[in-house]
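Undergrad: One structure coming up, written as structure tokens, with questions to follow.
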Amino acid sequence: MGTLSPVVKEQTFTYSLTRKFLTLIIYLILPSLALFRLLYYHPLLLPPSPTPDQLQTTIVTTSKAVKTPVDEACDYTKGRWVYEKVGPLYNGTTCGTIKQGQNCITHGRPDLGYLFWRWKPNKCKLPRFDPNMFLQLFSNKHLAFVGDSMARNQLESLLCMLATVYAPNLVYTSGEDNKFRRWHFDSHNFTISIYWSPFLVHGIEKSKDGPDHNELYLDRVNERWAKDLGHIDTIVFSIGHWFLHPAVYFEGDSVLGCHYCPGLNHTEIGFYDVLRKAVKTTFKTVSERTRSNGNQIDVLLTTFSPSHFEGDWDKAGACPKTMPYRRGEKLLQGMDAEIRNIEIEEVQSAKQFEDLRVEALDVTQLSLMRPDSHPGPYMYPFPFANGVPERVQNDCVHWCLPGAIDTWNEMLLEVVKKWTITSRGEK
382 MGTLSPVVKE QTFTYSLTRK FLTLIIYLIL PSLALFRLLY YHPLLLPPSP TPDQLQTTIV
442 TTSKAVKTPV DEACDYTKGR WVYEKVGPLY NGTTCGTIKQ GQNCITHGRP DLGYLFWRWK
502 PNKCKLPRFD PNMFLQLFSN KHLAFVGDSM ARNQLESLLC MLATVYAPNL VYTSGEDNKF
562 RRWHFDSHNF TISIYWSPFL VHGIEKSKDG PDHNELYLDR VNERWAKDLG HIDTIVFSIG
622 HWFLHPAVYF EGDSVLGCHY CPGLNHTEIG FYDVLRKAVK TTFKTVSERT RSNGNQIDVL
682 LTTFSPSHFE GDWDKAGACP KTMPYRRGEK LLQGMDAEIR NIEIEEVQSA KQFEDLRVEA
742 LDVTQLSLMR PDSHPGPYMY PFPFANGVPE RVQNDCVHWC LPGAIDTWNE MLLEVVKKWT
802 ITSRGEK
């Protein structure tokens with residue numbers, strides 16, 4: 382056989398080197414593409430969390446030099462919002478339980494900066510939500526959210542975060558707009574429910590066919606949720622906004638007065654004392670039913686969540702801000718402060734009941750600082766697709782999911798963790 386010419390030798394060497402280089406590139410790229418596909422199309426699996434017993438052992442035996450999972454002295458109510466590159470656990474397309482009016486991402490909201498702010502307490506750390514730990518702490522239990530649409534908003538936030546590790550099964554639905562629903566996590570035998578009860582006490586809501594005001598009976602609770610107390614382990618109450626509407630108040634068969642009731646021969650008494658009495662009646666009833674049922678129940682009250690309308694809500698008011706308020710820029714005052722103070726005071730008063738563990742989820746201040754996290758005009762899909770209409774309805778009361786409201790459930794988890802390592806006698 383003849384020898385190869387120098388040109389052919391050089392071409393052969395170049396071809397061989399190119400093949401080796403391409404092979405190396407393929408081996409480097411394929412694993413990267415596989416990893417990208419795994420992370421992009423599937424939720425990132427979180428490491429397994431400690432069981433409640435392990436959690437208690439960890440906290441009890443950990444030395445003082447190591448931070449424990451629960452900072453019992455932490456005041457989560459005072460702090461600031463800080464920007465963080467790590468986004469939320471879920472989004473508008475990966476969670477199927479978001480009410481359409483709060484699904485801001487799929488409704489076309491163009492600015493997504495509101496997703497990357499985390500609440501940082503002044504003197505401690507609020508850990509990111511751990512769905513595995515939450516489900517373990519609530520294994521074989523029933524958690525109920527009771528109240529107005531803010532209770533539903535918080536519930537749906539929680540469901541979305543839990544669904545990143547296990548899918549909930551909807552097992553019951555009833556009422557207009559699915560106001561009564563129940564889900565079950567088969568993986569942990571965990572039940573979670575929502576009960577529509579915007580006053581907690583018995584009430585008749587205004588309607589087209591009935592009175593043009595609400596009627597509240599302050600001496601008895603709404604049995605729609607109270608009749609199930611014997612089957613509930615933890616209950617989260619949330620009320621406030623519906624007390625701003627016109628109403629007549631009763632105690633027994635006697636009229637106590639009203640709020641904004643022109644044309645009716647009743648004394649105007651406002652709603653602050655009425656709100657206090659409704660919360661007081663609720664806690665007292667839960668305590669009495671708990672003693673009679675022989676079960677133990679943990680109670681939380683999520684404090685009032687301020688709205689952020691710039692202008693009247695029913696006169697084209699909007700919430701156009703795209704950034705949180707800085708610390709000290711927005712003060713808690715007026716009606717927002719008054720409602721929050723009433724709720725905090727009644728939680729403290731309810732701690733006298735020996736058969737209840739009661740705590741407040743004090744979200745008022747941190748929520749006040751987030752005017753950017755409401756649906757605004759994106760309560761409807763793509764509101765500006767055909768140009769800017771003359772009048773656009775805004776929702777500046779509820780919260781985008783995901784969004785600032787997810788922080789409420791991070792606080793909820795921290796309270797439950799603290800309860801897990803604290804006996805009822807030490808409450």
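Counting in this note's numbering, the sequence shown runs from 382 upward without gaps.
Built from N, CA and C at the ideal position, the CB exists for glycine as well.
1) Given I720, which residues of its chain have a CB within under 6 angstroms of its CB, disregarding the five upstream and five downstream residues?
2) Could you spell out where the beta strand (DSSP E) holding L645 opens and where it closes?
3) What is the DSSP secondary structure of L712, reduced to helix, strand or coil?
4) Starting from the Cα of V546, find the closest Cα among V629, D654, Q517 and give me that residue.
5) To test your reading of the DSSP string, which unbroken alpha helix (DSSP H) runs of 4 or more residues are found completely within the segment 442 to 514?
6) With a threshold of 8 angstroms, are at least 3 pairs of Cβ atoms found where one atom belongs to the segment 778 to 789 and the other to the segment 747 to 756?
7) Going by the CB atoms, is the gap between F561 and I575 shorter than 9 angstroms?
8) Output the boundary residues of the beta strand (DSSP E) element that contains N534.
9) In three-state terms, what does DSSP make of V602?
10) So N790 is in the alpha helix (DSSP H); what residue range does that whole segment cover?
11) Looking only at its chain, what residues have a beta carbon closer than 7 angstroms to the beta carbon of S578, apart from the 5 residues adjacent to it on each side?
12) Please go through the same chain and pick out, in chain order, the residues whose beta-carbon is closer than 8 angstroms to the beta-carbon of I650, but skip the five residues on each side of it.
13) Is E740 near L794, with beta carbons less than 9 angstroms apart?
14) Identify which residue in F580, L496, T671, T487 has its Cα closest to the Cα of Y464.
15) Output needed for L524: all residues of its chain with C-beta closer than 6 angstroms, excluding positions within five of it in sequence on either side, in chain order.
16) Have a look at P491 and F763 and give me their C-alpha separation to the nearest angstrom.
17) Can you check whether the CB of L599 is closer than 9 angstroms to the CB of V552?
18) Hey, how far is the Cα of L398 from the Cα of R499?
19) In angstroms with no decimal places, state the Cα-to-Cα distance between I723 and Y653.
TA: Looking at the atomic coordinates:
1) What you label residue 720 is simply residue 339 of the sequence shown in a count that begins at 1. So the qualifying residues of the chain are G621, F685.
2) Sequence index remark: in the sequence shown, residue 645 carries index 264 (1-based). Where L645 is concerned, there is no enclosing beta strand (DSSP E), given that its DSSP letter is neither H nor E.
3) The residue you call residue 712 lines up with position 331 of the sequence shown. Coil.
4) Locating residue 546 in the sequence shown gives position 165, counting from the first residue. It is Q517.
5) none
6) yes
7) Within the sequence shown, numbered from 1, the residue matching residue 575 stands at position 194. Within the sequence shown, numbered from 1, the residue matching residue 561 stands at position 180. A contact, by the Cβ cut-off of 9 angstroms.
8) By one-based count along the sequence shown, residue 534 stands at place 153. Careful: N534 lies outside any beta strand (DSSP E), inside the alpha helix (DSSP H) at 530 to 543.
9) In the sequence shown, counting from the first residue as 1, residue 602 sits at position 221. In the structure shown, V602 sits in a strand (DSSP, three-state: E or B).
10) Translated into the one-based positions of the sequence shown, residue 790 becomes position 409. 787 to 801 is the extent of the alpha helix (DSSP H) around N790.
11) To locate residue 578, count along the sequence shown from 1; it is residue 197. If we look at S578 and ignore the five residues flanking it on each side, its Cβ neighbours are V527, G528, N603, R605, W606.
12) As a first step, residue 650 is located in the sequence shown; it is residue number 269 there, counting from the start. Counting only Cβ-Cβ distances below 8 angstroms, and skipping sequence neighbours, we find Y630, L637, G638, C639, H640.
13) By 1-based counting over the sequence shown, the position of residue 740 is 359. By 1-based counting over the sequence shown, the position of residue 794 is 413. No, they are not a contact pair.
14) Walking along the sequence shown from the start, residue 464 turns up at place 83. Y464 has its Cα closest to that of L496, out of F580, L496, T671, T487.
15) Reading the sequence shown from its first residue, position 143 is the one you call residue 524. I573, T615, listed in sequence order.
16) Start at 1 with the first residue of the sequence shown, and residue 491 comes out as number 110. Start at 1 with the first residue of the sequence shown, and residue 763 comes out as number 382. When rounded, the distance between both Cα atoms is 10 angstroms.
17) Taking the sequence shown and counting its residues from 1, one reaches residue 552 at position 171. Taking the sequence shown and counting its residues from 1, one reaches residue 599 at position 218. In this structure, L599 does not lie closer than 9 angstroms to V552 by Cβ.
18) Here residue 398 refers to the residue found at position 17 when the sequence shown is read from its first residue. Here residue 499 refers to the residue found at position 118 when the sequence shown is read from its first residue. Note that L398 scores 43 on pLDDT, short of 50, meaning its location in the model is unreliable; the coordinates nonetheless yield the value given after this. Those two C-alpha atoms are separated by around 51 angstroms.
19) Numbered from 1 along the sequence shown, position 342 holds the residue referred to as residue 723. Numbered from 1 along the sequence shown, position 272 holds the residue referred to as residue 653. Rounded to whole angstroms, I723 to Y653 spans 8 angstroms at the Cα level.
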